[in-house]
Amino acid sequence: MKKDTSVNVRLTSELKAALQKLANADARKLSAYIELVLSAHVTAAKASASPDEARKKR
């Protein structure tokens with residue numbers, strides 16, 4: 004899927020350093036790692052949505 008938008012986020016230096024360490028361990032750039040984490044979070048949130056919540060979103 005083509006990436007067609009951007010988001011700017013301010014983080015504490017401690018959080019950025021922790022994310023960078025995790026990204027390095029996964030052999031990814033920081034931005035790619037953050038995208039991976041956010042994508043996993045969205046997928047998990049969709050999976051845990053109750054049937055009533057899923058119907059409301061349709």
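Here the sequence shown stands for residues 4 to 61, where the numbers follow my numbering.
Using N, Cα and C, we set each Cβ at its ideal position, and we do this for glycine too.
Where the alpha helix (DSSP H) through residue i begins and ends
i   : result
T46 : 33 to 51
Simplified DSSP assignment, three categories, for residue i
i   : result
K19 : helix
K24 : helix
Beta-carbon contacts of residue i that lie in its chain and below 7 Å, excluding the five residues immediately before and after
i   : result
A28 : none
Option in the options with minimal Cα separation from residue i
i   : options          : result
L68 : K6, A30, S34, K5 : No information on residue 68 is available, as it lies outside the stretch 4 to 61 that the chain covers here.
N11 : I37, A20, K49    : I37
Close Cβ partners of residue i (< 6 Å) along its chain, the five nearest in sequence each way excluded
i   : result
A26 : L33, Y36
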